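>
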Amino acid sequence: MTPPGASRLPSPDEPLDDVDFGLLGGIREMFEAADPMPADLPERIRFTLALRDLEIEVARISAENDLAVAARSTEQSRTVTFDSDSLTIMIRIDANRDGTVRVDGWLAPPQRRDVEVKTSTDSLSAPSDEQGRFAFARIPRGTAQFIVRPAGRGPGEAGRSVLTPALIL
Amino acid sequence: MAVDGTGPVVVRASQPDRGARMAGLVSQARAGNEDALGQIVTELSPLLWQVARSAGLDSRDAEDVLQTVWLRLVAHLNRIHDSAALVGWLVTTTRREAWRVRATIRKQPPADHQLLDELADQRPGSEELVIAGDQRRALWQAIGQLSWRCQDLLRIIAFAPRPDYAAVAAALGMPVGSIGPTRGRCLAKLRALLADPAESPA
Numbered sequence: 001m002t003p004p005g006a007s008r009l010p011s012p013d014e015p016l017d018d019v020d021f022g023l024l025g026g027i028r029e030m031f032e033a034a035d036p037m038p039a040d041l042p043e044r045i046r047f048t049l050a051l052r053d054l055e056i057e058v059a060r061i062s063a064e065n066d067l068a069v070a071a072r073s074t075e076q077s078r079t080v081t082f083d084s085d086s087l088t089i090m091i092r093i094d095a096n097r098d099g100t101v102r103v104d105g106w107l108a109p110p111q112r113r114d115v116e117v118k119t120s121t122d123s124l125s126a127p128s129d130e131q132g133r134f135a136f137a138r139i140p141r142g143t144a145q146f147i148v149r150p151a152g153r154g155p156g157e158a159g160r161s162v163l164t165p166a167l168i169l
Numbered sequence: 170m171a172v173d174g175t176g177p178v179v180v181r182a183s184q185p186d187r188g189a190r191m192a193g194l195v196s197q198a199r200a201g202n203e204d205a206l207g208q209i210v211t212e213l214s215p216l217l218w219q220v221a222r223s224a225g226l227d228s229r230d231a232e233d234v235l236q237t238v239w240l241r242l243v244a245h246l247n248r249i250h251d252s253a254a255l256v257g258w259l260v261t262t263t264r265r266e267a268w269r270v271r272a273t274i275r276k277q278p279p280a281d282h283q284l285l286d287e288l289a290d291q292r293p294g295s296e297e298l299v300i301a302g303d304q305r306r307a308l309w310q311a312i313g314q315l316s317w318r319c320q321d322l323l324r325i326i327a328f329a330p331r332p333d334y335a336a337v338a339a340a341l342g343m344p345v346g347s348i349g350p351t352r353g354r355c356l357a358k359l360r361a362l363l364a365d366p367a368e369s370p371a
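For the record, the sequence lines run as chains Y and P. Just so we're aligned: 25 in my numbering is position 25 of the first sequence, and the numbers increase by one with no gaps anywhere. Just so we're aligned: 279 in my numbering is position 110 of the second sequence, and the numbers increase by one with no gaps anywhere.
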């Protein structure tokens with residue numbers, strides 16, 4: 001036993017007690033302040049899950065740039081590149097004057113596909129041409145996610161659907 | 170000076186209730202209930218965020234990893250029947266995926282351990298923090314003296330819902346006692362440091 005007055009060092013083998021829980025609570029507060037999970041992340045994950053399809057390939061963002069559009073400082077333009085195992089998707093996002101955004105995209109390798117963009121309120125689709133180009137003239141701002149599906153009726157060319165992470169347009 | 174229990178009152182979590190609730194959500198999610206799946210996502214993502222971040226990923230990669238892990242869970246749900254299995258699977262899969270991403274995508278040094286130094290510089294007195302400024306500073310300093318492994322383990326465990334400590338500890342490779350999670354080396358060391366800051370580092 002511990003002699004009276006000596007501070008007893010807690011043993012690693014004891015069950016957690018209230019002091020431990022208090023310390024863990026303090027650690028949690030520290031990291032909640034220093035490195036909080038983005039508050040909207042669970043919502044964006046739920047959005048992705050609602051679109052799931054087990055035949056789907058998930059792309060990840062591999063590059064993102066804000067383009068300085070020369071001499072037109074009010075216009076914002078941004079490019080985002082997504083990579084999956086089979087496909088690279090590059091999109092350029094430009095603001096429209098009416099508050100929506102225009103998206104021009106390219107698929108590599110170039111191929112005809114059906115490209116769909118899902119927003120929290122809407123779903124739009126557009127085909128890509130044989131150079132892999134596609135365009136959406138007007139997409140509402142907000143969370144959006146792109147899904148590149150196999151082209152409607154091409155024989156052979158099955159291909160899996162590729163899903164991008166949700167991003168904020 | 171030890172951090173005492175003057176913060177939120179520590180109430181024993183009602184383990185059976187939460188376990189039953191989570192098991193119920195899992196079985197509803199398996200049956201295709203999106204809302205049940207969404208509740209699980211909301212409840213456990215903060216823990217998984219810390220798992221991914223403590224593996225050294227930047228925010229964007231951590232987000233990608235969480236998206237991947239949750240999608241993968243859906244395909245795996247039919248093999249998960251209780252809360253402990255769910256949390257254990259999620260933590261293990263998030264860690265592995267985070268390590269894989271770090272190895273393939275980034276070639277940067279391991280976890281960003283400057284975070285604690287930055288924290289130590291923060292102004293005291295953020296009112297939201299429950300523990301008092303002096304105690305908080307002492308806690309930061311003590312944690313900064315622990316090994317990186319201990320810092321990462323404690324950071325993750327601190328975000329586990331309490332009834333899931335044992336499952337998370339097991340997923341992280343920490344010993345779990347027969348009656349539940351034991352304090353472990355890292356918390357014991359932390360308490361020793363708080364009791365006597367001159368204690369040599371772990």
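All C-beta atoms, glycine included, are put in the ideal place defined by N, C-alpha and C. Bear in mind that the values here come from a model prediction, so they are computed numbers and not experimental data.
Looking at chain Y, is there any beta carbon in it that lies within less than 7 Å of the beta carbon of residue 262 of chain P?
As a position in the second sequence, residue 262 of chain P is number 93, starting the count at 1. Output row for residue 262 of chain P: interface = no.
> Taking Cβ-Cβ distances shorter than 7 Å, what residues in chain Y pair up with residue 215 of chain P?
Reading the second sequence from its first residue, position 46 is the one you call residue 215 of chain P. Going along chain Y in sequence order, the residues near residue 215 of chain P (Cβ under 7 Å) are 37.
> In chain P, which residues lie with their C-beta within 9 Å of the C-beta of residue 92 of chain Y?
Indexing the first sequence from 1 puts residue 92 of chain Y at position 92. In chain order: nothing, as chain P lies at least about 19 Å away.
> Give the straight-line distance between the Cα atoms of residue 123 of chain Y and residue 312 of chain P, rounded to the nearest whole angstrom.
What you label residue 123 of chain Y is simply residue 123 of the first sequence in a count that begins at 1. What you label residue 312 of chain P is simply residue 143 of the second sequence in a count that begins at 1. Approximately 49 Å, taken between the alpha carbons.
> Taking DSSP as the reference, what is the three-state secondary structure of residue 142 of chain Y?
Locating residue 142 of chain Y in the first sequence gives position 142, counting from the first residue. Coil, per DSSP.
> Does any residue of chain Y bring its CB to less than 7 Å from the CB of residue 327 of chain P?
For the purposes of this step, residue 327 of chain P is taken as the residue at position 158 of the second sequence. Residue 327 of chain P counts as touching chain Y.
> Give the range of the beta strand (DSSP E) segment to which residue 90 of chain Y is assigned.
In the first sequence, residue 90 of chain Y corresponds to position 90, counting from 1. Its beta strand (DSSP E) spans residues 88–95.
> Nearest-angstrom Cα distance between residue 377 of chain P and residue 62 of chain Y?
Residue 377 of chain P lies beyond the range of chain P shown here (170 to 371); nothing can be said about it.
> DSSP beta-bridge partners for residue 126 of chain Y?
Against the first sequence, residue 126 of chain Y aligns to sequence position 126. In the DSSP output, where bridge partners are listed per residue, residue 126 of chain Y has Y:115.
> For the beta strand (DSSP E) that residue 161 of chain Y lies in, which residues bound it at each end?
One-based indexing of the first sequence puts residue 161 of chain Y at position 161. Start and end: 161–163.
> Looking at the strands, I want to know which residues DSSP matches up with residue 106 of chain Y.
Looking up residue 106 of chain Y in the first sequence gives position 106. Answer is Y:90 and Y:133, bridged to residue 106 of chain Y.
> Quick one: any contact between the stretch 125–132 of chain Y and the stretch 7–17 of chain Y, if contact means 3 or more CB pairs under 8 Å?
No contact exists between the stretch 125–132 of chain Y and the stretch 7–17 of chain Y.
> Look up residue 249 of chain P in the DSSP assignment and say whether it is helix, strand or coil.
Here residue 249 of chain P refers to the residue found at position 80 of the second sequence. Coil, per DSSP.
> Using 8 Å for Cβ pairs, my map puts residue 308 of chain P next to residue 355 of chain P. What's the rounded Cβ distance?
Numbered from 1 along the second sequence, position 139 holds the residue referred to as residue 308 of chain P. Numbered from 1 along the second sequence, position 186 holds the residue referred to as residue 355 of chain P. Between residue 355 of chain P and residue 308 of chain P the Cβ distance is about 13 Å, and since that is not below 8 Å, they are no contact.
> Establish whether the CB of residue 353 of chain P and some CB of chain Y are separated by less than 7 Å.
The residue given as residue 353 of chain P occupies position 184 in the second sequence. Judged by the 7 Å Cβ criterion, residue 353 of chain P is in contact with chain Y.
> Unbroken alpha helix (DSSP H) runs of length 4 or more, entirely within the stretch 180–239 of chain P: which are they?
If we require 4 residues or more, the alpha helix (DSSP H) runs fully inside the stretch 180–239 of chain P come out as 184–199 and 203–223.
> Which same chain residues, not among the five before or five after residue 226 of chain P, have their C-beta less than 7 Å away from its C-beta?
What you label residue 226 of chain P is simply residue 57 of the second sequence in a count that begins at 1. Excluding positions up to five away in sequence, the list reads 234, 267, 270 and 271.
> Going by beta carbon distance, what residues of the same chain come within less than 8 Å of residue 138 of chain Y, once the five residues before and after it are set aside?
As a working note, residue 138 of chain Y is residue 138 in the first sequence. Excluding residues within five positions, the ones whose Cβ falls inside 8 Å are 96, 98, 100, 101 and 102.
> I want to verify the contact list: residues of chain Y whose CB lies under 8 Å from the CB of residue 187 of chain P, in sequence order.
Working through the second sequence from its first residue, we reach residue 187 of chain P at position 18. The premise fails here: residue 187 of chain P is roughly 16 Å from chain Y at the closest Cβ pair, so nothing lies under 8 Å.
> Which residues in the same chain as residue 197 of chain P place their Cβ atom closer than 6 Å to its Cβ, once the five residues preceding and following it in sequence are excluded?
The residue given as residue 197 of chain P occupies position 28 in the second sequence. Contacts found: 205.
> Apart from the five residues just before and just after residue 247 of chain P, which ones in its own chain have a Cβ nearer than 8 Å to its Cβ?
Taking the second sequence and counting its residues from 1, one reaches residue 247 of chain P at position 78. Closer than 8 Å at Cβ, skipping near neighbours: 199.
> Quick one: what's residue 61 of chain Y bridged to in DSSP?
Walking along the first sequence from the start, residue 61 of chain Y turns up at place 61. Y:82, per the DSSP bridge assignment.
> Of the choices Y:106, Y:42 and Y:120, whose alpha-carbon is the least far from that of residue 140 of chain Y?
By one-based count along the first sequence, residue 140 of chain Y stands at place 140. Selected option, being the one with the closest Cα: Y:120.
> Beta-carbon of residue 211 of chain P versus every beta-carbon of chain Y: anything under 7 Å?
As a first step, residue 211 of chain P must be located in the second sequence, where it is residue number 42. Yes, contact with chain Y.
> Does the beta-carbon distance from residue 263 of chain P to residue 42 of chain Y come in below 7 Å?
Here residue 263 of chain P corresponds to residue number 94 of the second sequence, with the count starting at 1. Here residue 42 of chain Y corresponds to residue number 42 of the first sequence, with the count starting at 1. No, they are not a contact pair.
> DSSP three-state label for residue 332 of chain P, please.
For the purposes of this step, residue 332 of chain P is identified with residue 163 of the second sequence, where counting begins at 1. Note: residue 332 of chain P maps to helix in three-state DSSP.
> Note down, in chain order, every chain P residue with its Cβ under 9 Å from the Cβ of residue 11 of chain Y.
Taking the first sequence and counting its residues from 1, the one referred to as residue 11 of chain Y is at position 11. 351, 352 and 357, listed in chain order.
> Could you tell me which residues DSSP pairs with residue 15 of chain Y in its beta bridges?
Translated into the one-based positions of the first sequence, residue 15 of chain Y becomes position 15. Looking at the DSSP assignment, residue 15 of chain Y forms a beta bridge with P:351.
> Does the beta carbon of residue 236 of chain P sit closer than 7 Å to a beta carbon anywhere in chain Y?
The residue you call residue 236 of chain P lines up with position 67 of the second sequence. It does: the Cβ of residue 236 of chain P has a partner Cβ on chain Y nearer than 7 Å.
> Between the stretch 25–36 of chain Y and chain P, which residues of the former have a C-beta closer than 7 Å to a C-beta of the latter?
Under the 7 Å Cβ criterion, the stretch 25–36 of chain Y contributes 25, 26, 27, 28, 29, 30, 31, 33, 34 and 35.
> Under three-state DSSP, which class holds residue 242 of chain P?
Here residue 242 of chain P refers to the residue found at position 73 of the second sequence. In this structure, residue 242 of chain P counts as helix in the three-state DSSP scheme.
> If the cut is a Cβ gap below 8 Å, which residues of chain Y does residue 310 of chain P touch?
As a first step, residue 310 of chain P is located in the second sequence; it is residue number 141 there, counting from the start. Chain Y residues near residue 310 of chain P: none, gap ~12 Å exceeds 8 Å.
> Comparing the C-beta of residue 119 of chain Y with each C-beta of chain P, is any distance below 7 Å?
Start at 1 with the first residue of the first sequence, and residue 119 of chain Y comes out as number 119. Not one chain P Cβ lies under 7 Å of residue 119 of chain Y.
> Taking 7 Å as the threshold (beta carbon to beta carbon), is residue 361 of chain P in contact with chain Y?
Reading the second sequence from its first residue, position 192 is the one you call residue 361 of chain P. For residue 361 of chain P, the answer is yes, since a Cβ of chain Y falls inside 7 Å of its Cβ.
> Would you tell me roughly how many angstroms separate the C-alpha atoms of residue 134 of chain Y and residue 65 of chain Y, rounded to the nearest one?
As a first step, residue 134 of chain Y must be located in the first sequence, where it is residue number 134. As a first step, residue 65 of chain Y must be located in the first sequence, where it is residue number 65. Approximately 20 Å, taken between the alpha carbons.
> Would you mind giving the Cβ-Cβ distance between residue 223 of chain P and residue 326 of chain P, rounded to the nearest angstrom? I have them listed as a contact below 8 Å.
Counting from 1 along the second sequence, the entry for residue 223 of chain P is found at position 54. Counting from 1 along the second sequence, the entry for residue 326 of chain P is found at position 157. Incorrect: roughly 11 Å between the Cβ atoms, too far for contact.
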